[in-house]
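In what follows, a single structure is set out as C-alpha cells and then discussed.
Dropping the structure here:
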C-alpha cells in the first residue's frame with residue numbers, strides 16, 4: 007500500500023496498534039481540510055504492529071493528548087520533505103477537556119460550563135482520574 | 014482560607030488538634046458558647062439529611078453562632094436550574110462558612126472554587142464524607158483508645174458508601190492497619206479507594222462476602238446501609254438491600270472488646286436487639302458528631318476559646 011510522503015507536515019509514528027483512531031479523534035484531525043492518512047497495523051520490527059498518522063499540513067498537535075493516549079508514540083516534523091524536528095512526548099499531569107467524565111453521578115454531568123479535568127494519580131501505571139469524582143476514563 | 018472537601022485536607026496532626034478541642038468542648042461547654050457569636054453558618058443541603066445537617070446546626074448554635082440554609086434542593090434555586098457556581102457565589106456573601114451536601118460527586122470542590130468563605134463537604138454522592146470520618150475518629154479514640162494496630166471490617170455497601178471511602182482514606186495514614194472488606198460483589202469498594210489508599214500503600218486487606226467468617230478477628234465493625242438513593246435501578250436495590258444483617262448471633266462470634274460503628278441512618282442492617290449490646294457504639298458515635306463539628310467550624314473560622 008502506498009501513501010504519498012508529505013512535504014510539510016507531521017508524522018505521528020510508533021503508535022500502539024489500534025490506538026490510531028482514538029488519537030485521530032482526540033486530536034480532532036477530522037476537522038482539518040488537509041490530507042490526513044491513518045495507517046493501521048503496519049508491520050514494525052520493534053513493535054510487531056503499529057499505527058501511523060500523517061498530516062499534510064504544518065499544524066501544532068496537542069502533545070498532552072498524544073502523551074495520554076500513547077506516550078511511546080513519536081512526532082516527526084517534516085519541512086521541505088526533510089525531518090527537521092522530533093518532538094518529545096510528555097506524560098501530562100492534567101488533561102483539560104480532552105476526555106469527558108462518563109460517571110452519571112459526577113458533578114460534570116450537570117454543572118454548566120465546568121471543564122472536564124483528569125489528573126494523573128498513578129504515574130507508574132499511568133492512571134488518570136476525574137478531578138471531581140475520581141472515576142477513571144472509560 | 015481553608016476548605017475541607019476531603020478528610021486528607023487535614024493532616025494527622027490537625028485531626029489530633031480537632032479531637033483535643035472536641036474533648037475540651039465536651040468537658041467545658043460553657044467556655045465555647047460564644048466563640049462564634051455574630052458568625053453565620055450556611056447549610057446548603059441539596060440532598061436530605063437528619064444527623065449531619067442537625068449536628069452542623071447544633072454545633073454552630075452551641076458556639077453562639079447563627080444558622081441559615083435549606084434542607085433539600087426543591088426548596089432552593091437549584092430547582093430552577095441554578096448552577097452550584099452561582100448559588101455559592103451568592104451565598105458566600107451571606108455567611109461566614111458553608112456546609113454543603115450534594116448528590117453529585119465533586120460538587121463541594123466546584124463550590125470551593127467559587128466561594129470566598131470556607132466550604133465543608135457534608136457528603137457528595139457516593140464519594141466522600143469527611144466530617145463523618147472526623148466523627149468516626151473521635152468515636153474510635155473514645156471507644157478503643159488508639160488509631161494504630163487495628164483490624165477494621167467494613168460491611169455492606171462499600172461501592173457508594175462515602176463514609177467508608179473517607180474512613181479508609183483517613184485510617185490508611187496510621188500504622189498496623191488491616192482492612193476487611195465485606196460486601197456483595199456488586200457493592201465492592203471502588204478502585205479510587207482500593208487502588209489509591211490500600212493497594213498502592215501496601216496495606217493488608219481481605220475481601221469476603223461472609224461476615225461470620227471474619228467477625229472474630231475485628232477490632233471495629235463498620236456497618237453501612239445499602240442506600241436506595243444511589244441506585245438508578247430499583248430492582249438492583251431490592252436484590253441487594255438485605256445482603257448483610259448484624260444479629261445477636263453474629264455478635265456472639267465477635268471479641269468482647271470489638272466495637273460496632275454505623276454512620277446511621279439504619280434501616281434493617283443491624284437488628285435492634287444488638288442496640289443493647291455494650292459493643293454497639295453507633296448512638297454514642299452520632300453524639301460525638303456535634304463536638305467534632307464544633308471543633309472544625311472553630312478551626313476553619315480561626316477562632317478559639
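Residue numbers (this note's numbering), protein chains in the order written: chain A, 7 to 144; chain B, 14 to 318.
The C-beta atom is built at its ideal place from N, Cα and C for all residues, glycine as well.
Buried or exposed: which applies to residue 27/A, given that a residue is buried once 16 or more other Cβ atoms fall within 10 Å of its Cβ?
-> Numbered from its first residue, the first chain carries residue 27/A at position 21. Residue 27/A should be labelled exposed.
Contact the stretch 272 to 292 of chain B vs the stretch 225 to 240 of chain B: 3+ CB pairs below 8 Å | Yes, the stretch 272 to 292 of chain B is in contact with the stretch 225 to 240 of chain B.
Do residue 112/B and residue 69/B come within 8 Å of each other at the CB atom, strictly closer than that value?
-> As a working note, residue 69/B is residue 56 in the second chain. As a working note, residue 112/B is residue 99 in the second chain. Going by C-beta atoms, residue 69/B is nearer than 8 Å to residue 112/B.
Under 8 Å between C-beta atoms, does residue 97/A make it to chain B?
-> Counting from 1 along the first chain, the entry for residue 97/A is found at position 91. Not an interface residue.
First and last residue of the uninterrupted beta strand (DSSP E) at residue 124/A | Your numbering for residue 124/A matches position 118 in the first chain. From DSSP, the beta strand (DSSP E) with residue 124/A extends over 123 to 128.
Residue 98/B touches chain A at which residues, Cβ-Cβ below 9 Å?
-> The residue labelled residue 98/B in the question sits at position 85 within the second chain. Near residue 98/B (Cβ distances below 9 Å), the residues of chain A are 117, 118, 119, 120.
Residue range of the beta strand (DSSP E) that includes residue 274/B | Within the second chain, numbered from 1, the residue matching residue 274/B stands at position 261. Segment 272 to 274, the beta strand (DSSP E) holding residue 274/B.
Proximal residues of chain B, C-beta to C-beta of residue 135/A below 7 Å | Translated into the one-based positions of the first chain, residue 135/A becomes position 129. Under the 7 Å cutoff, chain B gives 205.
Just mark residue 56/B as buried or exposed, buried being the case when its beta carbon has 16 or more other beta carbons within 10 Å.
-> For the purposes of this step, residue 56/B is identified with residue 43 of the second chain, where counting begins at 1. Counting the other Cβ atoms within 10 Å of the Cβ of residue 56/B gives 16 or more, which makes it buried.
Chain A contact for residue 227/B (CB, 8 Å cutoff) = Mapped onto the second chain, residue 227/B falls at position 214. So, not an interface residue.
Any beta-carbon of chain B closer than 8 Å to the one on residue 1/A?
-> This structure leaves residue 1/A out entirely; chain A is present only between 7 and 144.
Could you give the uninterrupted runs of the beta strand (DSSP E) lying entirely in the stretch 117 to 194 of chain B, keeping only those of 3 residues or more?
-> 132 to 137, 164 to 168
Going by beta carbon distance, what residues of the same chain come within less than 7 Å of residue 64/B, once the five residues before and after it are set aside?
-> Here residue 64/B is taken as the residue at index 51 of the second chain, counted from 1. Excluding positions up to five away in sequence, the list reads 277, 299, 302.
Could you tell me the boundaries of the alpha helix (DSSP H) in which residue 55/B lies?
-> Here residue 55/B corresponds to residue number 42 of the second chain, with the count starting at 1. Here residue 55/B belongs to no alpha helix (DSSP H); instead the beta strand (DSSP E) covers 53 to 58.
Status (buried if at least 16 other CB within 10 Å, exposed otherwise) for residue 296/B | Position 283 of the second chain, counted from the start, is the residue given in the question as residue 296/B. Classification for residue 296/B: exposed.
Using 8 Å as the limit for Cβ to Cβ distance, is residue 144/A near chain B?
-> Walking along the first chain from the start, residue 144/A turns up at place 138. Chain B contact via Cβ: absent.
Output, in sequence order along the chain, the residues in the stretch 76 to 101 of chain A whose CB is closer than 7 Å to any CB in chain B.
-> Closer than 7 Å at the C-beta level to chain B, one finds no residue of the stretch 76 to 101 of chain A.
Would you check if the stretch 94 to 102 of chain B and the stretch 34 to 49 of chain B touch, i.e. whether three or more CB-CB distances between them fall below 8 Å?
-> no
Using the beta-carbon of each residue, which ones in chain B are nearer than 8 Å to residue 37/A?
-> As a first step, residue 37/A is located in the first chain; it is residue number 31 there, counting from the start. Within 8 Å Cβ-Cβ: nothing; residue 37/A doesn't reach chain B, min ~29 Å.
Out of 76/A, 93/A, 141/A, point me to the one whose CA is closest to residue 84/A's CA.
-> Residue 84/A sits at position 78 when you count from the first residue of the first chain. Checking every option, the nearest Cα to that of residue 84/A belongs to 93/A.
Compile a chain-ordered list of the residues in the stretch 116 to 129 of chain B whose CB is closer than 7 Å to at least one CB of chain A.
-> Cβ contacts with chain A come from 117, 118, 119, 120, 122, 123.
Express the C-alpha separation of residue 54/A and residue 157/B in angstroms, rounding to a whole number.
-> Locating residue 157/B in the second chain gives position 144, where the first residue counts as 1. Locating residue 54/A in the first chain gives position 48, where the first residue counts as 1. C-alpha separation (whole angstroms): 59 Å.
Hey, out of 82/A, 103/A, 63/A, 57/A, whose CA is closest to residue 23/A's CA?
-> In the first chain, residue 23/A corresponds to position 17, counting from 1. Of 82/A, 103/A, 63/A, 57/A, the residue nearest in Cα terms is 57/A.
Can you grab the Cα-Cα spacing for the pair residue 89/B / residue 58/B, in whole Å?
-> In the second chain, the residue the question calls residue 89/B occupies position 76. In the second chain, the residue the question calls residue 58/B occupies position 45. Straight-line measurement puts the Cα of residue 58/B at about 9 Å from the Cα of residue 89/B.
Which residues share a DSSP beta bridge with residue 148/A?
-> Because chain A is modelled from 7 through 144, residue 148/A falls outside the range shown and cannot be assessed.
Between which two residues does the beta strand (DSSP E) harbouring residue 19/A extend?
-> The residue labelled residue 19/A in the question sits at position 13 within the first chain. Run containing residue 19/A: 15 to 22, per the beta strand (DSSP E) assignment.
Sorted by chain position, which residues of the same chain lie with C-beta nearer than 7 Å to residue 68/A's C-beta, five sequence neighbours on each side aside?
-> Stepping through the first chain from its first residue, residue 68/A is reached at position 62. Cβ neighbours of residue 68/A beyond the five flanking positions: 33.
Please decide whether residue 55/A counts as near chain B, where near means a Cβ-Cβ distance under 8 Å.
-> The residue given as residue 55/A occupies position 49 in the first chain. Not closer than 8 Å to any Cβ of chain B, the Cβ of residue 55/A fails to qualify, so no.
What does residue 45/A pair with, by DSSP beta-bridge criteria?
-> Here residue 45/A refers to the residue found at position 39 when the first chain is read from its first residue. In DSSP, residue 45/A forms a bridge with 58/A.
Please go through the same chain and pick out, in chain order, the residues whose beta-carbon is closer than 7 Å to the beta-carbon of residue 121/B, but skip the five residues on each side of it.
-> Stepping through the second chain from its first residue, residue 121/B is reached at position 108. Closer than 7 Å at Cβ, skipping near neighbours: 18, 113, 115, 132, 134, 137.
Can the beta-carbon of residue 329/B be found closer than 8 Å to that of residue 238/B?
-> What the structure shows of chain B is the stretch from 14 to 318, and residue 329/B is not part of that stretch, so it cannot be assessed.
Any Cβ of chain B within less than 8 Å of the Cβ of residue 129/A?
-> On the first chain, residue 129/A is found 123 positions in, with the first residue counted as 1. No, because no Cβ of chain B sits closer than 8 Å to the Cβ of residue 129/A.
Cβ pair count under 8 Å reaching 3, the stretch 98 to 118 of chain A against the stretch 21 to 36 of chain B = no
Name the chain C residues that come within less than 8 Å of residue 109/A, Cβ to Cβ?
-> The structure shown contains no chain C; its protein chains are A and B.
What residues in the stretch 194 to 223 of chain B have a beta carbon less than 9 Å from any beta carbon of chain A?
-> Result list: 203, 204, 205, 206, 208, 209, 213.
Would you verify that the beta carbon of residue 66/A is, or is not, closer than 8 Å to some beta carbon of chain B?
-> The residue labelled residue 66/A in the question sits at position 60 within the first chain. No, residue 66/A does not count as interfacial toward chain B.
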